[in-house]
Amino acid sequence: MAERLKHKILDKEHTVDVIAGPDSYKDLPRLLAQTDKETAINVLLSLDETYADILPVRLDSNSVSAFVSIMRGCDNMCTYCIVPFTRGRERSRPIDSIVNEIRHLSDEGIKEVILLGQNVNSYRDLSQSDFYTSSNTETNLAKGFKTVYKNKKGGLRFSDLLDKISLINPEMRIRFTSPHPKDFPDEVLELIAERSNISKQIHLPAQSGNSAVLERMRRGYTREAYIDLVHRIRDILPEAALSSDFIAGFCGETEEEFQDTLSLIKLVKYNTAFLFAYSMREKTTAYRRYKDDVEANVKADRLQRMIALYRKEAEKLNSTYIDQKQLVLVEGVSRKCDQKFQGRNDKNTRVILPCATIPISEHSTTTRKIQAGDYVVVKIYKSNSMTLMGDPLYHSSISDFTSDTERIKHQYTL
1 MAERLKHKIL DKEHTVDVIA GPDSYKDLPR LLAQTDKETA INVLLSLDET
51 YADILPVRLD SNSVSAFVSI MRGCDNMCTY CIVPFTRGRE RSRPIDSIVN
101 EIRHLSDEGI KEVILLGQNV NSYRDLSQSD FYTSSNTETN LAKGFKTVYK
151 NKKGGLRFSD LLDKISLINP EMRIRFTSPH PKDFPDEVLE LIAERSNISK
201 QIHLPAQSGN SAVLERMRRG YTREAYIDLV HRIRDILPEA ALSSDFIAGF
251 CGETEEEFQD TLSLIKLVKY NTAFLFAYSM REKTTAYRRY KDDVEANVKA
301 DRLQRMIALY RKEAEKLNST YIDQKQLVLV EGVSRKCDQK FQGRNDKNTR
351 VILPCATIPI SEHSTTTRKI QAGDYVVVKI YKSNSMTLMG DPLYHSSISD
401 FTSDTERIKH QYTL
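Residue 25 in UniProt numbering sits at position 25 of the sequence shown, and the numbers go up by one each step.
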């Protein structure tokens, strides 16, 4: 953004002393020293910066979660997106530095790490290419998906990274964002299914439910290929929660094409969705190639219809949790009521529960108060489209809750 808007900032904001892009953090001392004479500017894009030497980002000093950047940039070149032009080509951190960082976070008591990247599941550590150059390191895309670039080979892939970090601490939950649907081959899905500490939430950005619009967006897949991937995820991860991104009113979108988006939302039934009206960005391929010809009022109307349908379907989905037990990682006191805690279940759905003193395990008579960072088994009694509400039953752990769940499933099948 600093690079894209620097001229507008200089023209309108005459009191600005420094304009710095995200890659210029190492240059900040020089920039600050320069402000005595003139406005200091450094918006250069680094082709190799991965922020590997920056301390992990915690949500706050008391947070039980931390963000870990594993890669940056994007090679997909979707026509509506500015990211490839502002963040550059994909480059990934060495896998050892990520493992060491997450091990450090685990030692500090962090209970959840969120892996970050503009295209997080296309991670590939090419620093290991000298040792991993066999044919089995070639990128495997989800069936029916394609890219604008040549298939990549060598190095360690996202599945290799997930494998290593999920073994660091079985009681540390792993999440990641933001992925691309093409980078969900079976080996990634199967690993998520196998490891109980990898969140069973799959973010699957669709952007549109119409193949012609997807072609104009240069997404690399059709509606049919996307639906096939959803079915594959359901086969391997039958209890996974799906989330998505959708854009209303992309260039040339007709009402008929938009109806395909609504039908996809209804078909897939997302637990969470991030919905937007299209906004043209300079320097994107769409800016050069297409016209932003869907009227603003039409975009707004379509967005509201998407929101209404999504909420309706999400409310139905969340109602299925009522009377179920969920393992909740307690994040802290609820923002709306200091007598309640909020946390998230394995599918990244927010759960509200009262502050209480509960048994330290399912069959124990010893009790202790709930606190942030605890894993608590909660029985859900109420829900809406975004939140579950429940009663805390007892303290637990990922391993204990998984064992109990598997035992109950086995008894049920018998």
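Every residue gets a Cβ at the ideal spot worked out from N, C-alpha and C, and that includes glycine.
- In this structure, DSSP gives Gln-207 an extended state, which the three-state scheme calls strand.
- When secondary structure is reduced to three states using DSSP, Lys-369 falls in the strand class.
- The bridge partners DSSP lists for Ala-277 are Ala-248.
- It is roughly 20 Å from the alpha-carbon of Leu-161 to the alpha-carbon of Leu-204.
- The count of Cβ pairs closer than 8 Å, one atom from the segment 196–211 and one from the segment 235–246, reaches three, so the stretches are in contact.
- Under the criterion of beta carbons closer than 8 Å, Leu-116 and Ile-70 qualify as touching, at roughly 7 Å.
- In the three-state scheme derived from DSSP, where H, G and I count as helix and E and B as strand, Ala-66 is classed as strand.
- The DSSP-derived three-state label of Arg-216 is helix.
- Per DSSP, reduced to three states, the secondary structure at Lys-340 is strand.
- In this structure, the beta-carbon distance from Val-268 to Lys-325 does not fall below 8 Å.
- Cα atoms of Asp-96 and Val-68: separation of roughly 13 Å, rounded to the nearest angstrom.
- In the DSSP assignment, Gln-326 falls within the beta strand (DSSP E) that extends over 325–333.
- Within the same chain, and ignoring the five residues on either side of Val-148 in sequence, the residues whose Cβ sits closer than 8 Å to its Cβ are Asp-75, Asn-76, Met-77, Arg-218 and Gly-220.
- With respect to the 8 Å criterion, Leu-156 and Asp-125 are classified as neighbours on the basis of their beta carbons.
- In the structure shown, Ser-243 falls within a strand segment according to DSSP collapsed to helix, strand and coil.
- For Arg-302, the three-state secondary structure derived from DSSP is helix.
- Around the beta carbon of Gly-249, 16 or more other beta carbons lie within 10 angstroms, which makes this residue buried.
- Comparing alpha-carbon positions, the option among Tyr-80, Ser-106, Arg-91 and Cys-81 lying closest to Ser-63 turns out to be Ser-106.
- When secondary structure is reduced to three states using DSSP, Lys-111 falls in the coil class, being assigned neither helix nor strand.
- For Leu-167, same chain residues with a beta-carbon under 7 Å away, outside a window of 5 residues either side, do not exist.
- Contact annotation: the segment 223–241 does not touch the segment 293–305, with fewer than three C-beta pairs closer than 8 Å.
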